[in-house]
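2 protein chains.
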Amino acid sequence: MIYKDEYPSALLEEAVDQLSSLPGIGRKTALRLALHILKQPQENVNHFGESFIKMRRDIKYCKRCNMVSDTDVCSICSDSHRDNSLICVVESLRDLLSIESTGEYRGKYFVLGGIISPMDGIGPDDLPISQLEKIIAEGNVKEVIMAIATSIEGETTSFYLYKILSKYQIKLSTIARGVGFGDDLEYTDRLTLGKSIANRQPIQI
Amino acid sequence: MIYKDEYPSALLEEAVDQLSSLPGIGRKTALRLALHILKQPQENVNHFGESFIKMRRDIKYCKRCNMVSDTDVCSICSDSHRDNSLICVVESLRDLLSIESTGEYRGKYFVLGGIISPMDGIGPDDLPISQLEKIIAEGNVKEVIMAIATSIEGETTSFYLYKILSKYQIKLSTIARGVGFGDDLEYTDRLTLGKSIANRQPIQI
Chain A
0 MIYKDEYPSA LLEEAVDQLS SLPGIGRKTA LRLALHILKQ PQENVNHFGE
50 SFIKMRRDIK YCKRCNMVSD TDVCSICSDS HRDNSLICVV ESLRDLLSIE
100 STGEYRGKYF VLGGIISPMD GIGPDDLPIS QLEKIIAEGN VKEVIMAIAT
150 SIEGETTSFY LYKILSKYQI KLSTIARGVG FGDDLEYTDR LTLGKSIANR
200 QPIQI
Chain B
0 MIYKDEYPSA LLEEAVDQLS SLPGIGRKTA LRLALHILKQ PQENVNHFGE
50 SFIKMRRDIK YCKRCNMVSD TDVCSICSDS HRDNSLICVV ESLRDLLSIE
100 STGEYRGKYF VLGGIISPMD GIGPDDLPIS QLEKIIAEGN VKEVIMAIAT
150 SIEGETTSFY LYKILSKYQI KLSTIARGVG FGDDLEYTDR LTLGKSIANR
200 QPIQI
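Chains as they are written, first to last, in numbering that gives the first Met the number 0: chain A, 0 to 204; chain B, 0 to 204.
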């Protein structure tokens, strides 16, 4: 290469740098994307760039459940058709959207925004647990469902929440873990398969 | 889903829309990227968004070879250490960068910015061929190397260029096609393997 820099233009290089800072985007992909952006009309590119700046600046987090929202209280928390007595605790918005997409859940949510992870310097005090307690203290909640990952950090977080919340007169539950529907037993990991036998369910007809 | 829209925030939705307009980025990846962007400091996001707007607005194309550049004439065209008598014609900047990365080529380039493709409404007049002729007419060029894809459109473009340029007293060549170094003959496509026998080279020791 004849360039001190990787690309023949510092402007292109900067755009590639920015794109490759995104998770899962390498420099080759970033170059492909940057050249695609370069071919678009200026107006579209302005719109493209500004959409991120605007999102970061103007997005709100629901005062009750911490979900991203355009309003102070999100559309789920303010939906009177949803069951107020159920709260599903999730780590992130992505997990929330996954549960929503099943169409099986009609309660409310609480987004932790992270899990307890000493390695990353995240302790219980960094999570909005007191905010969750405040909602429970209102007295409408009958059950809190933990939908948190089964990693060491996730289990720690679930356990911590369990300890904190067990002082309230509410049911505490966790989503069912087991062999996925349609999965082959042969290819299921031993831990899941073992637990699925230990936690076997009575057949309901 | 309870949303008319896919996401709980129109701002998030807009950012996901914009990201998923990029080639090879689906909506799930776009959401992941948007949430990553959302977690960055505002300053970084401003920088991120503006880098594309600025690139699109301020980037130049070299007046000689059409390569993207920050100056009117690019760093390769203005490099007096590179061989003025050789021009390598490529379709895109990405092809140019690929050739540059080999370190094997010390001549100049000419970026077509596209190939003749009636299906996409691109005819010979849409390519900057007269600009290439002008460079050749200066009299320094001794050889033009075509490094254009072997698709139907690529071959058409090479043939068209060949016809146009054959009126000049210059050598016209194309990059060598054949079985890649380290490739198994067994896995080489029949066309490449057939041509590699027809175009066999004398062994030089």
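For every residue, glycine included, the Cβ atom is placed at its ideal position computed from N, Cα and C. This one's a predicted model, so the numbers in the text were calculated from it and none came from an experiment.
Kindly indicate the opening and closing residues of the alpha helix (DSSP H) around residue i.
i, result
"L11 (chain B)", "9-19"
"Y159 (chain B)", "151-164"
"T70 (chain B)", "Element bounds for T70 (chain B): n/a, residue is neither H nor E."
"S129 (chain B)", "128-136"
"N45 (chain A)", "41-57"
"L184 (chain A)", "Segment: none, L184 (chain A) is in no alpha helix (DSSP H) and carries neither H nor E."
"K38 (chain A)", "26-38"
"G179 (chain A)", "Looking at the DSSP string, G179 (chain A) is not in any alpha helix (DSSP H), and its letter there is neither H nor E."
"R199 (chain A)", "First-last for R199 (chain A): undefined, no H or E at that position."
"I75 (chain B)", "I75 (chain B) -> no alpha helix (DSSP H), and no H or E assigned at all."
"I98 (chain B)", "92-101"
Less than 7 angstroms between the beta carbons of residue i and residue j, yes or no?
i, j, result
"I115 (chain A)", "T156 (chain A)", "yes"
"R63 (chain B)", "D82 (chain B)", "no"
"L18 (chain B)", "A33 (chain B)", "yes"
"S195 (chain B)", "G179 (chain B)", "no"
"S68 (chain B)", "C61 (chain B)", "yes"
"S181 (chain A)", "I52 (chain B)", "For clarity, residue 181 (chain A) is Gly in the given sequence; the question names Ser instead. Cβ atoms of G181 (chain A) and I52 (chain B): not closer than 7 angstroms."
"I135 (chain B)", "Y167 (chain B)", "yes"
"V44 (chain A)", "R93 (chain B)", "no"
"I75 (chain B)", "S8 (chain A)", "no"
"Y159 (chain A)", "P123 (chain A)", "yes"
"Y6 (chain A)", "E12 (chain A)", "yes"
Counting along the chain, where does the beta strand (DSSP E) carrying residue i start and finish?
i, result
"I86 (chain B)", "82-89"
"C110 (chain A)", "The residue you asked about is not Cys; residue 110 (chain A) is Val in the sequence shown. Per DSSP, V110 (chain A) belongs to the beta strand (DSSP E) from 106-110."
Pull up the CB-CB distance for residue i and residue j, whole angstroms please, since I reckon it's below 8 angstroms.
i, j, result
"V88 (chain B)", "I174 (chain B)", "In fact, because the Cβ distance is near 10 angstroms, the residues do not count as touching under 8 angstroms."
"K107 (chain A)", "L131 (chain A)", "Going by Cβ atoms, the distance from K107 (chain A) to L131 (chain A) rounds to 11 angstroms, so no, they are not a contact pair."
"P127 (chain B)", "N65 (chain B)", "6 angstroms"
"L190 (chain B)", "L184 (chain B)", "L190 (chain B) to L184 (chain B), Cβ: 13 angstroms. No contact."
In the DSSP assignment, what are the bridge partners of residue i?
i, result
"I144 (chain A)", "A:C87, A:S172"
"I121 (chain A)", "A:S116"
"Y60 (chain B)", "B:V67"
Please identify the residue among the options whose C-alpha is closest to the C-alpha of residue i.
i, options, result
"P22 (chain B)", "A:L164, A:I98, A:Q130, A:R31", "A:R31"
"K141 (chain A)", "A:F158, A:G113, A:K170, A:I196", "A:K170"
"F109 (chain B)", "B:V15, B:Q203, B:E90", "B:E90"
"D119 (chain A)", "A:E152, A:D78, A:D71", "A:E152"
"L111 (chain B)", "B:S150, B:G138, B:S97, B:A146", "B:A146"
"R113 (chain A)", "A:S150, A:H35, A:S77, A:S165", "Note on identity: in this sequence residue 113 (chain A) is Gly, with Arg being the wrong assignment. Comparing Cα-Cα distances from G113 (chain A) to each of A:S150, A:H35, A:S77, A:S165, the minimum goes to A:S150."
"L96 (chain B)", "A:R26, A:E137, A:K38, A:S172", "A:R26"
"K38 (chain B)", "A:P40, A:H35, A:S20", "A:S20"
Cβ of residue i versus every heavy atom of the ligand FMN: is any distance shorter than 6 angstroms?
i, result
"D82 (chain A)", "Summarising the ligand content, the structure contains no ligands, and the ligand FMN is consequently not present."
Q: Give the residues from the segment 80-100 of chain A that approach chain E closer than 9 angstroms (Cβ to any Cβ), ordered along the chain.
A: The question asks about chain E, but that chain is absent: this structure's protein chains are A and B.
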